[in-house]
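One structure is given here, and the rest of the page talks about it.
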Amino acid sequence: MNFLRSRKTVSSRTPNLYLRDTWGQAYGLAHTRRFDRRSFFLRAMAILGAIDLIMALVFGWAWLFPPRPPTVAAKRAAPTRVAVQARTSTPEPTATAQPTDLPTPTRQRSRTRAPTLAPTQAAPPPPTAAPIAEKKVASARTLEYALPATLNVGALTINVPPEPQNCTSPEQMPDVVSASVKLCADAEYRPFTVRGQDIGVFGNANAVIRAQGRGFAIVAEGARILIANVLIRATTDAADAAILLCLYPDCRGQAGGIAYGGGILVRAADTTVMDSDIAGGVAGIAAERVRGLKALNNRLDNATGWGSYNFAVTDSVFAGNSFSYANRSCTTPDGSYLASGCEAAGWLCIACQKNIVARNACTGSGDCFYMNGEGNLTSNDNRFHQNECRAAPHNCYEVTFATGNEFVENIARDDPATGAACKYPFWVGGSHVYFARNQWSCTISPEVALADAVASTGVPTRIENR
4 MNFLRSRKTV SSRTPNLYLR DTWGQAYGLA HTRRFDRRSF FLRAMAILGA
54 IDLIMALVFG WAWLFPPRPP TVAAKRAAPT RVAVQARTST PEPTATAQPT
104 DLPTPTRQRS RTRAPTLAPT QAAPPPPTAA PIAEKKVASA RTLEYALPAT
154 LNVGALTINV PPEPQNCTSP EQMPDVVSAS VKLCADAEYR PFTVRGQDIG
204 VFGNANAVIR AQGRGFAIVA EGARILIANV LIRATTDAAD AAILLCLYPD
254 CRGQAGGIAY GGGILVRAAD TTVMDSDIAG GVAGIAAERV RGLKALNNRL
304 DNATGWGSYN FAVTDSVFAG NSFSYANRSC TTPDGSYLAS GCEAAGWLCI
354 ACQKNIVARN ACTGSGDCFY MNGEGNLTSN DNRFHQNECR AAPHNCYEVT
404 FATGNEFVEN IARDDPATGA ACKYPFWVGG SHVYFARNQW SCTISPEVAL
454 ADAVASTGVP TRIENR
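When we follow the working numbering, the leftmost residue of the sequence shown carries the number 4, and every step to the right adds one.
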């Protein structure tokens with residue numbers, strides 16, 4: 004957003020208030036390491052001094068309180084007493100003792116043979132379990148999802164777990180779902196967690212899952228989870244409604260990112276969320292440290308922060324989604340008022356690598372597609388193909404301090420329904436990007452957008468047209 008980076012000398016822009024001074028070290032991602040000789044020497048001296056003090060205390064205690072050695076008589080008597088006691092306390096059995104007078108050793112119980120059936124008695128047949136109607140499922144299947152030919156990749160293959168034929172009512176829905184479930188029509192569900200592998204959640208257009216405040220309607224944990232055709236309505240916590248959002252998990256001691264809550268939180272690899280309608284919370288779909296996420300044909304409009312929030316997401320596909328009207332006004336911690344943006348965006352990615360973003364639509368979000376590379380949390384080698392951004396008040400496509408990102412056949416334009424224009428078609432400060440056959444039609448021309456981005460930072464900025 005334009006109020007976080009000093010692009011031009013404008014008094015209304017404020018510095019980044021949340022990014023840690025450690026520049027990405029708290030997230031376990033790649034960052035520049037520096038060796039401080041003075042700090043190393045002081046720490047080494049402190050450790051050696053502590054070791055010397057401990058050793059001095061140990062030797063002093065041994066000198067003041069020496070142990071008393073046992074007497075020779077005690078050494079000799081002790082084994083004699085033990086031997087005598089052992090001989091007198093456990094007399095050996097005599098030949099005249101009856102077997103019934105001795106307790107049966109415990110280990111002999113394991114030698115008892117199982118009773119056998121009489122020759123004339125037939126073994127009973129094993130019991131057969133009665134079929135349970137609610138466990139009937141349809142056959143597993145696969146779906147093919149075509150991507151733009153410009154990507155030069157094959158179609159996505161989506162594995163669909165067996166779908167239950169009968170639905171699970173809200174009263175029967177467990178807090179932790181470990182097997183595939185189907186939602187009932189005209190029902191309202193409380194939040195739940197999906198935990199395990201190869202599990203499907205099959206929604207219904209007339210069934211709604213509701214989430215409140217900083218919680219999520221669905222939390223996915225494990226691997227290979229499918230969430231399809233769910234309707235989610237979430238709310239934003241009152242304390243988060245008008246603040247400048249923090250993009251990071253740790254915001255100088257305060258939690259940000261997924262902490263704000265929303266629709267679906269994905270922490271499961273190879274998860275698919277498709278054909279779903281999610282609105283109302285800060286984040287529509289949030290993903291943190293996952294690989295292989297597929298978000299397809301979802302309507303993620305009217306989020307109060309981000310239609311799609313992603314942190315350290317790799318090798319994933321976002322295609323056919325709508326990320327519209329993710330915008331907010333706010334008052335920053337230093338008292339400044341911002342009429343729009345406030346780190347809100349339709350699609351947001353931090354420290355994301357090798358993702359495909361294709362054929363998505365976004366209207367009226369603060370930024371439509373936003374990859375912030377500050378703090379060494381760079382997002383590299385991502386591919387944006389055939390997306391459309393309309394009427395973004397700040398930037399349609401923003402990627403900063405990154406390399407290898409390509410933009411092919413994307414559109415930045417006004418909103419025909421309202422006439423509202425987009426401001427910057429793109430913002431690529433400190434990045435090396437590739438452009439091909441894009442259509443830029445915003446208030447700021449592509450030439451001025453590039454010039455402003457170059458002037459905003461000392462890090463080289465480069466656009467390579469193909």
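Think of the CB as a built atom: it goes at the ideal place given N, C-alpha and C, for glycine as much as any other residue. From a predicted model like this one, the values you see are computed outputs, not experimental measurements.
Here's a check: name, in chain order, each residue in its chain whose Cβ is nearer than 7 angstroms to the Cβ of residue i, leaving out the five neighbours to either side.
i, result
"R217", "D240, A262, Y263, G264"
"L146", "I161, V163"
State the CB to CB distance for the pair residue i and residue j, rounded to an integer number of angstroms; the pair is presumed to be in contact (CB under 8 angstroms).
i, j, result
"S327", "C352", "Actually they are not in contact, since the Cβ atoms of S327 and C352 sit about 18 angstroms apart, beyond 8 angstroms."
"G284", "A306", "7 angstroms"
"A405", "G432", "At roughly 10 angstroms, the Cβ-Cβ gap does not stay under 8 angstroms, so A405 and G432 are not in contact."
"E401", "Y373", "5 angstroms"
"T335", "E377", "Not quite, the Cβ-Cβ distance comes to about 17 angstroms (not below 8 angstroms), so this is no contact."
"I288", "N301", "7 angstroms"
"E450", "I414", "The pair is not a contact, with the Cβ atoms about 18 angstroms apart (cut-off 8 angstroms)."
"G308", "A347", "5 angstroms"
"G199", "S181", "5 angstroms"
"L159", "V320", "6 angstroms"
With DSSP as the reference, label residue i as helix, strand or coil.
i, result
"P449", "helix"
"T317", "strand"
"N398", "strand"
"E391", "strand"
"Y328", "coil"
"N379", "helix"
"F404", "coil"
"Y373", "strand"
"R469", "coil"
"V211", "strand"
"S343", "coil"
"R198", "strand"
"D455", "helix"
"R294", "strand"
"D304", "coil"
Taking 8 angstroms as the limit between beta carbons, can you name the residues of its chain near residue i, skipping five residues before and five after?
i, result
"C187", "C170, T171, S172, P173, N207, A210"
"R114", "Confidence is the limiting factor: at R114 the pLDDT is only 43, short of 50, which leaves the residue's position unreliable, though a coordinate-based value still follows. Taken in chain order, the list of residues that qualify is empty."
What's the gap between the Cα of residue i and the Cα of residue j?
i, j, result
"P69", "A59", "15 angstroms"
"H397", "A452", "12 angstroms"
"A53", "A47", "10 angstroms"
"G407", "Q356", "10 angstroms"
"T274", "A223", "8 angstroms"
"C425", "G369", "10 angstroms"
"D178", "V233", "17 angstroms"
"V462", "D189", "55 angstroms"
"T238", "Q215", "5 angstroms"
"Q389", "L45", "56 angstroms"
"N441", "Q175", "51 angstroms"
"L229", "S183", "9 angstroms"
"T464", "S142", "52 angstroms"
"R292", "L268", "11 angstroms"
"I466", "H435", "6 angstroms"
"R213", "R255", "31 angstroms"
"L154", "F219", "33 angstroms"
Starting from the C-beta of residue i, find all residues in its chain whose C-beta is less than 6 angstroms away, skip the five residues before and the five after it, and write them out in chain order.
i, result
"R386", "I359, E409"
"I259", "Per the sequence presented here, residue 259 reads as Gly, with Ile not at that position. Same-chain partners within the cutoff: C249, Y251."
"R41", "none"
"Y312", "A286, A289, L351"
Taking 8 angstroms as the CB-CB limit, is residue i close to chain B?
i, result
"G407", "Reference to chain B is not applicable here, since this structure consists of a single protein chain."
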